[in-house]
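Engineer: Take this structure first; my questions come after.
Numbering (our numbering), first residue to last: 7 to 117.
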């Protein structure tokens with residue numbers, strides 16, 4: 007899966023394709039080791055993070071449907087993944103992740 011086929015399913019699997027990649031700020035170093043939250047559960051990033059898409063293994067989440075939200079930073083249900091959490095996985099600083107967010111990522115400013 008992804009560039010250079012860096013992930014191969016070992017059993018029948020369900021894969022979610024996310025419309026976010028390194029052009030949006032999802033670092034390639036998270037390939038095969040990062041995770042996203044889908045329906046309040048962590049789903050591992052599989053394969054190489056591509057420019058415009060990322061894949062996640064949702065095999066253990068049978069209720070996942072097309073159009074579901076995949077949370078990269080934040081909370082879904084009772085499950086949270088903060089920017090510092092992802093920075094630890096990526097072995098980098100939180101500022102690197104925040105500065106990498108691309109122009110395509112919408113920003114919402116709250117009072």
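Glycine included, each C-beta is placed from N, C-alpha and C at the ideal position. In this text, all values refer to a predicted model and were calculated from it rather than measured experimentally.
Buried or exposed: where does residue 64 fall if 16 or more other Cβ atoms within 10 Å of its Cβ makes it buried?
Structural biologist: buried
Engineer: I need the DSSP call for residue 95, collapsed to helix, strand or coil.
Structural biologist: helix
Engineer: Measuring CB to CB, does residue 20 end up less than 8 Å from residue 37?
Structural biologist: no
Engineer: Please list, in chain order, all residues of the same chain as residue 76 whose beta carbon is under 6 Å from its beta carbon, the five residues on each side excluded.
Structural biologist: For residue 76, where only same-chain residues beyond five positions count, the Cβ hits under 6 Å are 24, 42, 44.
Engineer: Considering only the alpha carbon of each residue, which of 30, 47, 56 lies closest to residue 9?
Structural biologist: Checking every option, the nearest Cα to that of residue 9 belongs to 56.
Engineer: Could you tell me the alpha carbon to alpha carbon distance between residue 28 and residue 47, rounded to whole angstroms?
Structural biologist: 23 Å
Engineer: What do you reckon, are the CB atoms on residue 95 and residue 39 nearer than 8 Å?
Structural biologist: yes
Engineer: Roughly how many angstroms lie between the CA atoms of residue 84 and residue 67, to the nearest whole one?
Structural biologist: Answer to the nearest angstrom: the Cα atoms are 16 Å apart.
Engineer: Take the Cβ of residue 60 as the centre, count every other Cβ of all protein chains shown within 10 Å, and call the residue buried at 16 or more, exposed below.
Structural biologist: Residue burial is scored here from C-beta neighbours: residue 60 has at least 16 other C-beta atoms within 10 angstroms and is therefore classed as buried.
Engineer: Verify whether the separation of the beta carbon atoms of residue 110 and residue 30 is less than 8 Å.
Structural biologist: yes
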